[in-house]
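Q:
In this note's numbering, the protein residues as written are 2 to 297.
#1: Going by DSSP in three states, residue 236 sits in which element: helix, strand or coil?
#2: Using 10 angstroms around the beta-carbon of residue 169, count the other beta-carbons present and answer buried if the total reaches 16, otherwise exposed.
#3: Within a Cβ cutoff of 7 Å, which residues of the same chain sit near residue 225, ignoring the five residues on either side of it in sequence?
#4: Going by the DSSP bridge assignment, what does residue 263 pair with across the sheet?
#5: Where does the unbroken beta strand (DSSP E) through residue 25 begin, and where does it stop?
#6: Rounded to whole angstroms, what's the CA-CA distance from residue 85 to residue 271? Just pull it up for me.
#7: By DSSP, does residue 282 sit in helix, in strand, or in coil?
#8: Please confirm if the segment 196 to 210 is in contact with the segment 33 to 46, defined as three or more CB-CB distances below 8 Å between the two stretches.
#9: Taking 8 Å as the cut-off, does the segment 85 to 101 touch the segment 17 to 28 (at least 3 CB pairs, one atom from each stretch)?
#10: Just curious, the alpha helix (DSSP H) that residue 183 is in, first and last residue?
#11: Restricting to runs no shorter than 3 residues, where is the beta strand (DSSP E) found entirely within the segment 84 to 117?
#12: Could you check if residue 162 is buried or exposed, using at least 16 other CB atoms within 10 Å of its CB as the buried criterion?
#13: Residues in its own chain within less than 8 Å of residue 321 by CB, not counting five upstream and five downstream?
#14: DSSP puts residue 224 in a beta bridge; with which residues?
#15: Whole angstroms are fine: how far does the CA of residue 221 sit from the CA of residue 79?
#16: With three or more C-beta pairs closer than 8 Å as the rule, is the segment 52 to 72 touching the segment 130 to 142?
#17: According to DSSP, what are the bridge partners of residue 19?
#18: Give every residue of the same chain whose Cβ lies closer than 6 Å to the Cβ of residue 53, excluding the five residues on either side of it in the sequence, and list them in chain order.
#19: Out of 55, 176, 158, 125, point me to the one whose CA is closest to residue 237's CA.
#20: Can you give the Cα-Cα distance for residue 74 and residue 214, rounded to whole angstroms?
#21: Whose C-alpha, out of 33, 138, 77, 83, is nearest the C-alpha of residue 94?
#22: Buried or exposed for residue 101, going by 16 or more other Cβ atoms inside 10 Å?
#23: Helix, strand or coil for residue 127, going by three-state DSSP, please let me know.
#24: According to DSSP, what are the bridge partners of residue 36?
#25: Considering only C-alpha positions, which residue in the set 111, 40, 28, 142 is nearest to residue 99?
Put into structure tokens, the structure is as follows:
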């Protein structure tokens, strides 16, 4: 068997271990935690533009969630509970390193569901919540299941993970051209970030890389109670999303924004606007961080 290429750090700066989880740290100032999305090739590499930008004004942290990047990729059950607990762990360590300061959290796509749950469950750890292209808000179907229930399709994980074909299936899903195809759907066009694509290809070649993504493909990492979770966030919430690509349906947003603490910004981009229009994105994010609602 060919040796697997060694995975380098996705981001510059220090590397910390939060109870075994890999976390990058840079900068000096109020603490900010960046949370990547969940897919077949996810990692903290998705947060590079924000990590580099906010290191000038914050102590910025970027976590590799369980099963991704340089965090452990164990053969275990991956669930919203596991991912949320990883953020609880991260917030606890970050606050200890920051003299008890509350954390500004920003997450992308499915990572938003875990940040929202962490903020709702332990509100004292967080100052603000920023959700970029959050999942769970498309369509009109209420998602108010039992706490921590998932949208797993019965039997699908067992089928996907069968030893006879699990490795082959994951290799097909993570061929370089397939990864490019899905990034183009995320961007809504051909002009993807090539550095991120290259890291995505490399991270899928690591031992254990298939374990978490197969739970994602089976629906087991999506929350069936996410509308209840979003409604329970007591902090100021900033939602941003684009108008191109796969993540443009937010017809269910009004189900959870009735509390008056949500602000929504729409960019003329794909699902990761901070890659495409970083200055415009950061200006809007800065305005949110400095808004009267946050100060209050």
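Yeah, the Cβ is synthetic: ideal placement off N, Cα and C, and Gly gets one too.
Here the structure is a predicted model, which means the values were calculated and not measured.
A: Reading from the atomic positions:
#1: Reduced to three states, the DSSP call for residue 236 is coil.
#2: Residue 169 sits exposed, since fewer than 16 C-beta atoms from the chains shown fall within 10 Å of its C-beta.
#3: Taking residue 225 as the centre and dropping the five residues before and after it, the same chain places the C-beta of 144, 146, 150, 151, 152 closer than 7 Å to its C-beta, in chain order.
#4: Bridge partners of residue 263: 238.
#5: Start and end: 22 to 28.
#6: Rounded to the nearest angstrom, the two C-alpha atoms are 26 Å apart.
#7: Look at residue 282 here: in three-state DSSP terms it is helix.
#8: For the pair of segments examined, the segment 196 to 210 was found to touch the segment 33 to 46: the number of CB pairs separated by less than 8 Å reaches three.
#9: The segment 17 to 28 is in contact with the segment 85 to 101.
#10: Membership of residue 183 in the alpha helix (DSSP H) is indicated by the continuous run 177 to 188.
#11: Those beta strand (DSSP E) runs which fall completely within the segment 84 to 117 and span 3+ residues are 104 to 109.
#12: Residue 162 should be labelled buried.
#13: What is shown of the chain runs 2 to 297, which leaves residue 321 out entirely.
#14: Under DSSP, residue 224 forms a beta bridge with 151.
#15: Each residue's Cα considered, the two are about 7 Å apart.
#16: No, they do not touch.
#17: For residue 19, which the question treats as bridged, DSSP gives the partners 22.
#18: Beyond the five residues adjoining it in sequence on each side, residue 53 comes within less than 6 Å, by CB distance, of no other residue in the same chain.
#19: Looking at 55, 176, 158, 125, the one whose alpha-carbon comes closest to that of residue 237 is 125.
#20: About 10 Å.
#21: Residue 94 has its Cα closest to that of 33, out of 33, 138, 77, 83.
#22: By the 10 Å Cβ count, residue 101 comes out exposed.
#23: For residue 127, the three-state secondary structure derived from DSSP is strand.
#24: In the DSSP output, where bridge partners are listed per residue, residue 36 has 64, 108.
#25: Ranking 111, 40, 28, 142 by CA distance to the CA of residue 99 puts 28 first.
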